[in-house]
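**Q**
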Amino acid sequence: MFQEKYHQIERMLRACTGEEDVLLTTGGDHADLASTVAFKLAKSEKRPPREIAAEIAERISADPELGDIRVEATGPYINFVFGPSLLAEAVREALEPDYGNHPRRPERVVLEHTSANPNGPLHVGHIRNTVIGDTLARAFRKAGYPLEVQYYLNDMGRQIAIVSWGFDHLGLAREDGEKGDHYVARVYIAANREIEKNLAITEEIDHLMQKVERGDAETVRKFRAAVSLCAEGIKTTLAALGARHDRFVWESDFVRIGDVDRIFERVRRLPQAHEDETLWVDLSGEGFEKKYILRRSDGTSVYSTRDLAYHTWKGHNYDRVIDVLGADHKLIGAQLQATLTLLGEKAPEIVFFEFVSLPEGSMSTRAGKFVSADDLLDEVTAKAFDEVTVRRPELPEDERRSIARSVAVAAIRYDIVKVSPEKSTVFNWKEALDFERQSGPYIQYAHARACSILEKAGEFTRAYRYETEHEVALARHLAKFPAVVDETVEELRPHLLAAYARELADLFNAFYHYDPVLKSGGETRNSRLALVDAVRNTLQESLLTLGIDALRNM
RNA sequence: GGGUCUGUGGCUUAGCCAGGACAUAGCGCCGGGCUUCUAACCCGGAUGCCGGGGGUUCGAAUCCCCCCAGGCCCGCCA
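Quick look at the structure:
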């Protein structure tokens, strides 16, 4: 309804003013939609904007196509306010199952996210990638796109060689109950300590990398074993966070099936290519200073070469290619895009997010300086269990445990997704453990409240008459949800969805305190119950899109 | 040094790309509200030269230039 009315009003304003861009936006507190086109016309017509706004408002309000929308000029602004029948329509739409879903769209999308190196567990920096990526994935599916989510497993990098060397030489045993990824990190950290003590080991690592690139069976088997062990642990963590990948793509496959060699051949034919002891591309024409090296002097490929092969493959199999990457990949991401373009391939769209650090500085798997996602989940779940036990002591323990797990994921995911990706952040335990306003649990709580009211209400006949300030504000906000899903996907900004859900919870809580539902009667009661149900459904759909459980009880 | 992102009340943060109506909200602080639909809640109050300086514009947190501060990047690592 909202998007339809937006386009209708835009059309009417265009017809009325002759302007292409009629400067139509959401009107905030003032209106559902508002235009500042009068300012623009004031210049060419040399007349005061308020005069022009008044004229436009008058002409448009005379048009029967307008329907149940009130137009008024407030000074130079032209405001459009939805009338009662549109508010009723908004609530009716918000009651539909899968509210916010868009019709199927044709473009096949591949979204890559997380793709952390399998040399240790995911830490609080990695899961910013996971939460942004998984939320976008859910939003894309809601927006109607056929989507595949991929994790690119770097299984032949230097750090894997180090892990493999560590397994062979350090004799560290796996502890009881130790997750594979944490075990791998322990070996990786210890191996790095050895390398610091004895630099000759570096040559052994180089040798391992040459062997794996040549496809030496024993070395490949060892690398795969280490990577699998770590990846299993990572998958467990991803599942606990509610993030699902459709496919894990192994980097070494692109070497094995010959795609990397084909990239070498194609790059070599580029006018920008240079071949001495290495193969490199001169991207100075694209604004990059340094050589973009794709083949080492020992003949092996580097990460960038394999990434070119991977993205070439993605470009051939999908219409849109999207990567979620940390800001430390900005340069290499831009070089990748530039080189793919030179090769005539599709360049990916990249969503960058800035770094998460600890109060004491940057995180480092190699130095063992990080807060793992597993530890974070454990701590937050323990706190959530305490909270739910205080509030709902009568619930059986297994139910409290289950609620605590959902609340913990909500707290963690929301805490991450609510911040714009371009902001760098410092991990903070106090904020991570906060379940109050502007948190995931706060939104879950609003949803549970709505469920509770509906449960107590029993049968009722829906009505749709909204008059109080709080009812009207809620209905207006409900109408915007499909547009927010669209905007999230178009701008690749998942925090828009986070803000929307929080605002809806805020409005619902205010309504809850001012407008009694069960104690009202007749059409008011039926209208408010329908509104509560519509809010419940919309909160549920937005929480689901954020990867947060919509609890009925907490 | 070059590139890039960020800088909004004590702290965290929205708005910036597509310039307009009193700059968004939370935490913290002060003061209220639970025999009433779940108080993980609500209401009121104090707190802002939107990093600094120029410019463009009828109008700048938003666009342009310079400067300052911080993060990240600048490897035959990934």
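Note that the working numbering gives residue 436 to position 433 of the first sequence, counting from 1, and the numbers run on in steps of one.
Beta carbons: idealized from backbone N, C-alpha and C, even for Gly.
What residue range does the beta strand (DSSP E) around I59 cover?
**A** Sequence index remark: in the first sequence, residue 59 carries index 56 (1-based). I59 -> not in any beta strand (DSSP E); alpha helix (DSSP H) instead, spanning P52 to S64.
**Q** Between the region 151–162 and the region 116–123, can you find at least three pairs of beta-carbon atoms closer than 8 Å?
**A** Yes, since at least three Cβ pairs between the region 116–123 and the region 151–162 fall closer than 8 Å, the two stretches touch.
**Q** Quick test of your reading: N529 and F463, contact by CB under 8 Å. State the CB separation rounded to the nearest angstrom.
**A** Taking the first residue of the first sequence as position 1, residue 529 is located at position 526. Taking the first residue of the first sequence as position 1, residue 463 is located at position 460. Confirmed, Cβ separation roughly 5 Å.
**Q** Along the chain, where does the beta strand (DSSP E) containing T29 start, and where does it finish?
**A** If you number the first sequence from 1, residue 29 lands on position 26. Here the beta strand (DSSP E) through T29 covers L27 to T29.
**Q** If we count the other Cβ atoms within 10 Å of its Cβ and call it buried at 16 or more, is H473 buried or exposed?
**A** Reading the first sequence from its first residue, position 470 is the one you call residue 473. The residue in question, H473, is buried, as its Cβ has 16 or more Cβ neighbours within 10 Å.
**Q** How is the beta strand (DSSP E) around D326 delimited, first residue to last?
**A** Indexing the first sequence from 1 puts residue 326 at position 323. Here the beta strand (DSSP E) through D326 covers R323 to G329.
**Q** Is the CB-CB distance between D158 and E254 below 8 Å?
**A** Here residue 158 is taken as the residue at index 155 of the first sequence, counted from 1. Here residue 254 is taken as the residue at index 251 of the first sequence, counted from 1. In contact: D158 and E254 (Cβ atoms closer than 8 Å).
**Q** Please state whether DSSP places R554 in a helix, a strand or coil.
**A** Walking along the first sequence from the start, residue 554 turns up at place 551. Residue identity check: residue 554 is Leu in the sequence provided, not Arg. Of the three classes helix, strand and coil, the one that applies to L554 here is coil, per DSSP.
**Q** For H248, which three-state DSSP category applies?
**A** In the first sequence, counting from the first residue as 1, residue 248 sits at position 245. Note: H248 maps to coil in three-state DSSP.
**Q** With three or more beta-carbon pairs closer than 8 Å as the criterion, would you say the region 372–388 touches the region 509–518?
**A** Flag = no, the region 372–388 and the region 509–518 do not touch.
**Q** Opposite Y154 in the DSSP bridges: which residues?
**A** Here residue 154 is taken as the residue at index 151 of the first sequence, counted from 1. DSSP lists F251 as partners of Y154.
**Q** May I ask you to verify whether the region 74–83 touches the region 45–62, counting CB pairs closer than 8 Å and requiring at least 3?
**A** Yes, the region 74–83 is in contact with the region 45–62.
**Q** Which same chain residues end up closer than 7 Å to T425 when comparing Cβ atoms and leaving out the 5 residues on each side of it in sequence?
**A** If you number the first sequence from 1, residue 425 lands on position 422. Checking the sequence shown, residue 425 turns out to be Glu, not Thr. Closer than 7 Å at Cβ, skipping near neighbours: E357.
**Q** Leaving aside the five residues before and after L173 along the sequence, list all residues of the same chain whose C-beta is less than 6 Å from its C-beta, in chain order.
**A** As a first step, residue 173 must be located in the first sequence, where it is residue number 170. Closer than 6 Å at Cβ, skipping near neighbours: A193.
**Q** Could you check what DSSP says for E99 in three-state terms: helix, strand or coil?
**A** Your numbering for residue 99 matches position 96 in the first sequence. The answer is coil: DSSP assigns E99 none of H, G, I, E or B.
**Q** When you compare only the Cα positions, how much space is there between S455 and H248?
**A** One-based indexing of the first sequence puts residue 455 at position 452. One-based indexing of the first sequence puts residue 248 at position 245. So the alpha carbons of these two residues sit roughly 34 Å apart.
**Q** Could you tell me whether the Cβ atoms of E280 and S307 are closer together than 8 Å?
**A** Numbered from its first residue, the first sequence carries residue 280 at position 277. Numbered from its first residue, the first sequence carries residue 307 at position 304. Contact flag unset, no.
**Q** Between the alpha carbons of M15 and I63, how many angstroms are there, rounded?
**A** Here residue 15 corresponds to residue number 12 of the first sequence, with the count starting at 1. Here residue 63 corresponds to residue number 60 of the first sequence, with the count starting at 1. Going by the C-alpha atoms only, they are around 7 Å apart.
**Q** Using the beta-carbon count (16 or more within 10 Å), is Q447 buried or exposed?
**A** For the purposes of this step, residue 447 is taken as the residue at position 444 of the first sequence. Q447 should be labelled buried.
**Q** Does T77 come out as helix, strand or coil in the three-state DSSP assignment?
**A** Your numbering for residue 77 matches position 74 in the first sequence. Reduced to three states, the DSSP call for T77 is strand.
**Q** Give a yes or no on contact between the region 330–340 and the region 360–368, applying the rule of three or more CB pairs nearer than 8 Å.
**A** Cβ pair count under 8 Å is below three, so no.
**Q** Measuring straight from C-alpha to C-alpha, what distance separates H105 and A533?
**A** Taking the first sequence and counting its residues from 1, the one referred to as residue 105 is at position 102. Taking the first sequence and counting its residues from 1, the one referred to as residue 533 is at position 530. Distance between the alpha carbons of H105 and A533 is about 23 Å.
**Q** Can you tell me whether A411 is helix, strand or coil according to DSSP?
**A** One-based indexing of the first sequence puts residue 411 at position 408. Residue state, collapsed to three classes: helix.
**Q** Within 10 angstroms of the Cβ of H516, are there 16 or more other Cβ atoms? Answer buried if so, exposed if not.
**A** Within the first sequence, the letter at position 513 stands for residue 516. Counting Cβ neighbours within 10 Å, H516 comes out exposed, since fewer than 16 surround it.
**Q** Going along the chain, which residues of its own chain have a beta-carbon closer than 7 Å to the beta-carbon of A466, five neighbours each way excluded?
**A** Start at 1 with the first residue of the first sequence, and residue 466 comes out as number 463. Contacts found: E526, N529, S530 and A533.
**Q** Can you tell me whether P274 is buried or exposed, with buried defined as 16 or more other CB within 10 angstroms of its CB?
**A** To locate residue 274, count along the first sequence from 1; it is residue 271. That one is exposed.
**Q** If you draw a straight line from the alpha carbon of K317 to that of A501, how long is it in whole angstroms?
**A** What you label residue 317 is simply residue 314 of the first sequence in a count that begins at 1. What you label residue 501 is simply residue 498 of the first sequence in a count that begins at 1. When rounded, the distance between both Cα atoms is 29 Å.
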